[in-house]
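Student: Pasting in a structure now, in structure tokens, and then I'll have a few things to ask.
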DNA sequence: TTTAATACCTTGTATCGCAAAGTACCAATA
DNA sequence: TATTGGTACTTTGCGATACAAGGTATTAAA
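Chains as they are written, first to last, in this note's numbering: chain P, 2 to 112; chain D, 2 to 112.
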């Protein structure tokens with residue numbers, strides 16, 4: 002049951018997910034669960050099975066590193082930290098995003 | 002050669018492709034090749050193998066219909082026409098898009 | 001010692017864009 | 001009439017990716 006619109010909505014979210022992750026981590030380091038919380042607060046529904054592989058991908062691309070930290074209430078947390086390369090890529094993502102926004106504006110308001 | 006950024010750029014485009022198609026067809030009917038031209042002009046690179054299945058999908062969802070028209074120079078063209086339902090969905094896509102834009106703004110400029 | 005909460009990770013599935021190859025129609029030209 | 005080139009539509013196979021679902025491990029409280 003496809004609900005066209007929900008599908009489109011989730012497609013649009015997908016396109017900017019990596020951008021959102023890097024953006025969050027550019028402000029302060031964070032661990033997966035807290036990133037999910039922050040995304041949820043911003044109306045970007047993301048689940049664990051999506052986020053973990055994505056963080057690992059970005060780490061493998063050199064955009065992130067991480068360190069373990071003990072928690073007072075539960076297992077240790079893997080705090081991800083944005084790298085210098087990550088910041089460079091983030092800034093290129095800013096451009097890419099602006100470009101898409103312009104494109105949509107052009108297409109949507111043209112004439 | 003993954004070029005992270007080009008990958009992200011294309012991910013972002015994917016997310017709004019259906020939106021762009023409906024948007025173009027909301028102004029006037031068009032056939033596949035002309036849609037590709039228009040998208041190219043707007044900086045959205047799309048190829049046949051992407052567009053045709055997508056048009057068929059949207060037609061099957063009742064967002065589009067089509068009619069054949071003879072061409073003076075080549076085989077007949079399949080002109081796609083947006084339906085009433087298509088216009089409704091397009092307007093919901095407008096909302097979805099605005100929401101994503103707000104989300105990004107919130108995440109990107111927060112603090 | 002069992003339960004609940006927190007946190008990390010993996011597997012299988014479905015979707016989707018894209019490259020590439022295929023089919024068909026038409027017109028001009030050899 | 002046979003061939004070539006241009007236009008247009010369609011299909012197949014592949015790779016990437018989000019997500020549902022299930023799994024492991026640690027800690028603290030009941």
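Just so it is clear, CB atoms sit at the ideal spot from N, CA and C, and this is done for glycine as well.
All values derive from a computational prediction rather than experimental measurement.
#1: Would you identify the three-state DSSP class for residue 108 of chain D, choosing helix, strand or coil?
#2: What residues in its chain sit with their C-beta under 7 Å from that of residue 58 of chain P, if we drop five residues either side in the sequence?
#3: Please state whether DSSP places residue 93 of chain P in a helix, a strand or coil.
#4: Are any of the Cβ atoms in chain P nearer than 8 Å to that of residue 108 of chain D?
#5: So, residue 65 of chain P versus residue 81 of chain P, is the Cβ gap smaller than 8 Å?
#6: Where does residue 6 of chain D sit, in a helix, a strand or coil, going by DSSP?
#7: Does the beta carbon of residue 25 of chain P sit closer than 8 Å to a beta carbon anywhere in chain D?
#8: Taking Cβ to Cβ, would you say residue 37 of chain D is nearer than 8 Å to residue 18 of chain D?
#9: Mind listing, in chain order, the continuous beta strand (DSSP E) runs of no fewer than 3 residues lying wholly within the stretch 51–94 of chain P?
#10: Considering Cα atoms alone, identify which of P:10, P:22, P:77 is closest to residue 9 of chain D.
#11: Could you tell me which chain P residues have their CB closer than 7 Å to the CB of residue 47 of chain D, listed as they occur along the chain?
#12: Check each candidate in P:111, P:105, P:39 and name the one with the smallest Cα separation from residue 13 of chain P.
#13: Is there a Cβ from chain P that is less than 8 Å from the Cβ of residue 16 of chain D?
#14: Could you give the DSSP three-state label for residue 43 of chain D: helix, strand or coil?
#15: Are residue 109 of chain D and residue 24 of chain P touching if we call contact CB-CB under 8 Å?
#16: Count the other CB atoms, across all protein chains shown, that sit within 10 Å of the CB of residue 49 of chain P; report buried if there are 16 or more and exposed otherwise.
#17: Check distances from the C-beta atoms of the stretch 87–102 of chain D to those of chain P and list, in chain order, the residues that come in under 7 Å.
Tutor: From the atom records:
#1: Locating residue 108 of chain D in the second chain gives position 107, where the first residue counts as 1. Residue 108 of chain D falls in the helix class under three-state DSSP.
#2: As a first step, residue 58 of chain P must be located in the first chain, where it is residue number 57. Cβ neighbours of residue 58 of chain P beyond the five flanking positions: none.
#3: As a first step, residue 93 of chain P is located in the first chain; it is residue number 92 there, counting from the start. Of the three classes helix, strand and coil, the one that applies to residue 93 of chain P here is helix, per DSSP.
#4: Mapped onto the second chain, residue 108 of chain D falls at position 107. Yes - at least one Cβ of chain P is within 8 Å of the one on residue 108 of chain D.
#5: Residue mapping note: residue 65 of chain P aligns to position 64 of the first chain, counting from 1. Residue mapping note: residue 81 of chain P aligns to position 80 of the first chain, counting from 1. Closer than 8 Å, so yes.
#6: Taking the first residue of the second chain as position 1, residue 6 of chain D is located at position 5. In the structure shown, residue 6 of chain D sits in a helix (DSSP, three-state: H, G or I).
#7: Taking the first residue of the first chain as 1, we reach residue 25 of chain P at position 24. It does; some Cβ of chain D falls within 8 Å.
#8: On the second chain, position 36 is the one that residue 37 of chain D refers to. On the second chain, position 17 is the one that residue 18 of chain D refers to. No, these two residues do not count as a Cβ contact at 8 Å.
#9: 65–70, 78–83
#10: Here residue 9 of chain D is taken as the residue at index 8 of the second chain, counted from 1. Answer by Cα proximity: P:22.
#11: In the second chain, counting from the first residue as 1, residue 47 of chain D sits at position 46. Here the premise fails: no neighbours, minimum Cβ distance about 12 Å.
#12: As a first step, residue 13 of chain P is located in the first chain; it is residue number 12 there, counting from the start. Checking every option, the nearest Cα to that of residue 13 of chain P belongs to P:105.
#13: Along the second chain, one-based indexing puts residue 16 of chain D at 15. It does; some Cβ of chain P falls within 8 Å.
#14: As a working note, residue 43 of chain D is residue 42 in the second chain. DSSP places residue 43 of chain D in coil when its eight states are reduced to three.
#15: Sequence index remark: in the second chain, residue 109 of chain D carries index 108 (1-based). Sequence index remark: in the first chain, residue 24 of chain P carries index 23 (1-based). Yes.
#16: Position 48 of the first chain, counted from the first residue, corresponds to residue 49 of chain P. So residue 49 of chain P ends up on the exposed side.
#17: 90, 93, 94, 97, 98, 100, 101, 102
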